[in-house]
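So the structure is just underneath, and the comments pick up after that.
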Amino acid sequence: MSGVQQVPAETNEELLAAVLGRLVADSTHTVVGANSPIPASAALLAAGLSEGNHQVTILGSREFMQFTDGGKELFDYAAQGRMDAFFVGGGQIDGQANINLVGVGDYPGTKLRLPGSFGSAYLYHLVPNVVLFRKEHSRRVLVPKVDFISAAGLSPANHYRVGGPRWLVTELVVMKFDADRGRFYLQSIHAGHDLDEVLDRTGFEFDYDPEPAVTPPVDDQELALLRTSVRESLQPVYPGFCSRAFGQ
Amino acid sequence: MSGVQQVPAETNEELLAAVLGRLVADSTHTVVGANSPIPASAALLAAGLSEGNHQVTILGSREFMQFTDGGKELFDYAAQGRMDAFFVGGGQIDGQANINLVGVGDYPGTKLRLPGSFGSAYLYHLVPNVVLFRKEHSRRVLVPKVDFISAAGLSPANHYRVGGPRWLVTELVVMKFDADRGRFYLQSIHAGHDLDEVLDRTGFEFDYDPEPAVTPPVDDQELALLRTSVRESLQPVYPGFCSRAFGQ
Amino acid sequence: MSRVTLEQLVSKISSGDKLAIPPEYSGVAMAATRALLTRGVKNLHLIACPQAGLQADLLIGAGCVATVEAAGISLGESGLAPRFRDAAQQGKIRMLDATCPAIQSGLQAAEKGIPFLPIRGILGSDLIDLRDDWLVIDNPYTEGDPLLLVPAIQPDVSLFHAPLGDDYGNVWVGIRRELMLMAHASKSTLVTVEKRYKGDLLADPVYAAGTIPHMYITATAEVAGGMRPLGFFGDGSVTDVEHLAGYEKLARSQQGFEQYLQEQGIEVGS
Amino acid sequence: MSRVTLEQLVSKISSGDKLAIPPEYSGVAMAATRALLTRGVKNLHLIACPQAGLQADLLIGAGCVATVEAAGISLGESGLAPRFRDAAQQGKIRMLDATCPAIQSGLQAAEKGIPFLPIRGILGSDLIDLRDDWLVIDNPYTEGDPLLLVPAIQPDVSLFHAPLGDDYGNVWVGIRRELMLMAHASKSTLVTVEKRYKGDLLADPVYAAGTIPHMYITATAEVAGGMRPLGFFGDGSVTDVEHLAGYEKLARSQQGFEQYLQEQGIEVGS
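Just so you know, the protein sequences line up as chains W, Y, S and G, in that order. The working numbering puts the first residue of the first sequence at 1, with every later residue one more than the last. The working numbering puts the first residue of the second sequence at 1, with every later residue one more than the last. The working numbering puts the first residue of the third sequence at 1, with every later residue one more than the last. The working numbering puts the first residue of the fourth sequence at 1, with every later residue one more than the last.
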């Protein structure tokens, strides 16, 4: 057809935001930690597609902050069961979805001391849909066993646990965590990469289909929202990211 | 001497306020419960005599209310050790300084159900100087043993306790509670009453000097303060009391 | 969150609910209480946070209440709460006697999603013997230190009156943060608001500091004077003590109580 | 409460104190921190409530800190906190690793005068093995339900920057109530205030809602811009990320850190 406008190719950040956004599409309240522009974009995208029933809190922002009872309120709120989804990163992530934010080497981080566990050890158990997001996909990050468990992926049956890790997204893949099997399943590989590369760059074992699905690209609606309202909303919080991450 | 102005006689309320005020004179922060005009007068009197180092909180007032964290703050504040003195009443009070605010007869108050224990069961253990105040001095109120212990006067040595009852003031007497002996000691009898009357109208045993002291009358400074700044301060909280209780 | 009528608001309270109500020095939703009497709920588990007065006495007198959990029920300077006293004396209600900070700690435990809170004091009180949900344990941090635990109190619904509500469902309560604690702890929260605030309470940093965010608010109804005849921190109005004294006199008998309802034009539903 | 100079304010912090500091999204007293470096305290037990950044890194780099209790220490988007990282890797500081709500619960336990608070989650984390002051007990209310307890955290002194202080010693913090929690929990509280509020913050019901009453405040000093180079909720200012990036680069070595101090005109006392 003639006259169809060519949509410029999505950026890596846009793809990751769209992929993460789909994983929290059903939320009523998604909370994004500080210094997390891609998850913040994802949450705002999901909210924008939800017709107004999806609340977003972005820690560190002023506009997307509805709490009025100090730093503790977020954690109380999660324990009250009012928060559906949260994004967590990890210095190291292993195949049982344990995450390490404390340090590499023997404790207390003789090789590399990381900032610390922040709220992960708690929210990992209380938020129903925890999405792990680490852009870097490497054997350095995705390890057979983390050097330190900041937050545990699995719990014995008698531990009080209403939440946990459900997904892992990197620059290469979407993996779904199967808590019953205690393993990740390779849900899809982003376009331009293949299973061999994923196997080569992943330090832990995971389940997969020999012919894995390709991560669906950003669709027009997602892209339009990301480049308009999401970008505008994020501009005051992450000006540098906004000028760099979104296509025209 | 001629020309000396005759100071009008003190009212009963003024005497009780002055007596109670002296018992909290050393406080840095005295808290008065709701519906307690005489203790409120006492606290304001003591503060007025203290040269500004004595904070007063009057629950139910607007002006004498410094808390900003809801109803719980008072109790947290007491547990932090920031509150020196508190006044407590009692439907029944016994010789071991147990108080009953719940009911007369078998629980739950088959003969007379009273409002309930409010904060007494807690503050009685945490506020160093708890002053019991009950105007009515009778065998109905001052009983050998309360029907229900809302708050216990004595605790075993292993119970965490940093506060407790120190004084009992009625329309007849000032009694000092001796926690070691577990008994009240008759400190003084208000002018116009005598030991026989006190013995006759008290339902519990207590220690006393056969020739007990007379409660010192309200002095000129106390009287002047009560009738000026204390009355003015209390006017918005207890208008009826202020027009009735203070002499001219 | 939705903005509704007073009738729609109280329709969200059901028979058997654990209903949390605030102390009289705070914001009591009296108009909503009268509407609730007309609606005619039964078997409420009333949680006074931590004390109550006229509101509780009306609900008890009208037969709406099966259980009362409270540190105190009274009409303040107007005396004892007569329908409460009568019901308690005759064993018509199940009484869960407490002390103020125990109820506040129970609500805080629910707010924090934890099963209990430890609390100091209280040991030696007969209250403990009456409450089989209060446990005395050995403090795990200090040998030979008995310590009381009180369980979480999670109301099904909190009901109160607040000075301001905005179009987004945010509710301003100022320093009366026991109302915020109730909202945090409860499954749902219904609020009558004195006035509508034009704009977003959370967008003004000074108002935001005293605001319960909309996520905790199930519905609001605008009811000016919704606390009467009680006083209200929100506008500095004081309790109509003549009204309360008159009520106290009449309500000493059930017959007099019915007369009070009639005089006030309150029809009790069934 | 007293109004004092910045030097007088920090003179109330002593070597060995448990010093509580707020997170960077709140009000960090950076000018006071520089004055504290000049004063030259040692062996602080730093309690990040619950996380910290530049402030902690400066104190650690200058050798003021023996123990760090924190859920996280970083420079945010400017990267790892280099002096913290170095000290932790070399075992120069005793590290009490935590998670945000554990520190907040510890402060709340101190606020409530109770020995501990239970907390959900965290089980299975290696944090528990490292903390012999964290106990796992059987929930006394539910058999076979392991439950973590964290002990009360009572700082000797809390130090922060707030938007407003009045002549009575009241301090307005708005929605940043982690600052109020710190003040409630601490033995003493020192505050730099951005501006003087004329009048009594507690007398205005809208300001009162966000005010820490004077009873909790030991001293205040008026220091406009006292949070720089960090951002501040009080005036909407944002962190000087170039400053932080420059610091991060320099402070990777102790020598570079000394250079930074020199460039900033900060003399470190001994």
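Idealized CB from N, CA, C, for every residue including glycine.
query, result
"Cα-Cα separation between GLY113 of chain S and ASN129 of chain W, rounded to whole angstroms", "18 Å"
"Rounded C-alpha distance that separates GLU222 of chain S from GLN259 of chain S", "29 Å"
"Neighbourhood of MET349 of chain S by C-beta, 8 Å cutoff - its chain only, sequence neighbours within 5 removed", "Any question about residue 349 of chain S goes unanswered here, given that chain S covers just 1 to 270."
"The region 22 to 37 of chain S touching the region 167 to 180 of chain S, judged by at least three CB pairs closer than 8 Å", "yes"
"Separation of GLY63 of chain S from ASP178 of chain W, as counted between CA atoms", "52 Å"
"Pairwise C-alpha distance: THR28 of chain Y and VAL237 of chain W", "46 Å"
"Span of the alpha helix (DSSP H), counted from its first residue to its last, around ILE128 of chain G", "127 to 130"
"C-alpha gap between ILE153 of chain S and LEU135 of chain S, whole angstroms", "15 Å"
"Collapsed DSSP secondary structure at MET83 of chain W in the structure displayed", "coil"
"Beta-carbon separation (whole angstroms), ALA35 of chain S vs GLY116 of chain Y, contact threshold 8 Å", "Contact doesn't hold; Cβ gap of about 27 Å is too wide."
"Cβ separation of SER188 of chain W and PRO212 of chain W, assumed to be a contact under 8 Å, to the nearest whole Å", "6 Å"
"Range of the contiguous beta strand (DSSP E) that encloses SER61 of chain W", "Looking at the DSSP string, SER61 of chain W is not in any beta strand (DSSP E), and its letter there is neither H nor E."
"Within-7 Å CB hit, HIS159 of chain Y to chain S", "yes"
"Best match in Y:GLU197, Y:GLY89 and Y:ASP26 for proximity to GLU271 of chain Y [C-alpha to C-alpha]", "With chain Y represented from 1 up to 248, any question about residue 271 of chain Y goes unanswered, as that position is not in the structure."
"Cβ shell of GLY256 of chain G (< 7 Å), same chain only, five flanking positions each side left out", "LEU250"
"Three or more C-beta pairs below 8 Å linking the region 108 to 124 of chain S and the region 138 to 146 of chain Y", "no"
"7 Å Cβ shell around ALA208 of chain S - same chain, five flanking residues per side excluded", "LEU201 and LEU202"
"Short-range partners of chain C found in the region 166 to 188 of chain S, where Cβ spacing is below 8 Å", "This model lacks chain C altogether, as its protein chains are W, Y, S and G."
"Residues near PHE206 of chain W by beta carbon distance below 7 Å, same chain, minus five either side", "GLY95, MET175, ARG183, PHE184, TYR185 and LEU186"
"Continuous alpha helix (DSSP H) assignments of at least 4 residues falling wholly in the region 182 to 261 of chain G", "205 to 208 and 241 to 250"
"Three-way DSSP call (helix, strand, coil) for THR30 of chain W in this model", "strand"
"Rounded straight-line distance, which links the Cα of LEU23 of chain Y to that of CYS100 of chain G", "45 Å"
"Residue-chain proximity (PRO22 of chain S, chain W), Cβ-Cβ < 7 Å", "no"
"7 Å Cβ cutoff, PRO118 of chain S in contact with chain W", "no"
"Pairwise C-alpha distance: LEU59 of chain W and ARG39 of chain S", "43 Å"
"Sequence-distant residues of the same chain with beta carbon closer than 7 Å to CYS242 of chain Y, five excluded per side", "ARG231, LEU234 and GLN235"
"Contact with chain W by ILE122 of chain G, beta-carbon distance below 7 Å", "yes"
"LEU44 of chain Y to ALA219 of chain G span [Cα, whole Å]", "25 Å"
"Contacting positions in the region 189 to 211 of chain S - beta carbon closer than 7 Å to chain W", "LEU202, ALA208, ALA209 and THR211"
"Nonlocal neighbours in the same chain, by C-beta distance under 8 Å from PHE118 of chain Y, ignoring five residues either side", "GLY33 and LEU101"
"Cβ neighbour criterion (16 or more within 10 Å) applied to ASN170 of chain G", "buried"
"Residue ranges of each alpha helix (DSSP H) within the region 18 to 99 of chain S, 4 or longer", "30 to 39, 54 to 61 and 82 to 89"
"At least three beta-carbon pairs within less than 8 Å, the region 132 to 148 of chain G to the region 139 to 154 of chain S", "yes"
"Bridge partners - HIS161 of chain S, DSSP secondary structure assignment", "S:THR192"
"Identified DSSP bridge partners for ASN100 of chain Y", "Y:GLN92"
"Nearest neighbour of TYR208 of chain W, chosen from W:LEU74, W:LEU195 and W:PRO165 [CA to CA]", "W:LEU195"
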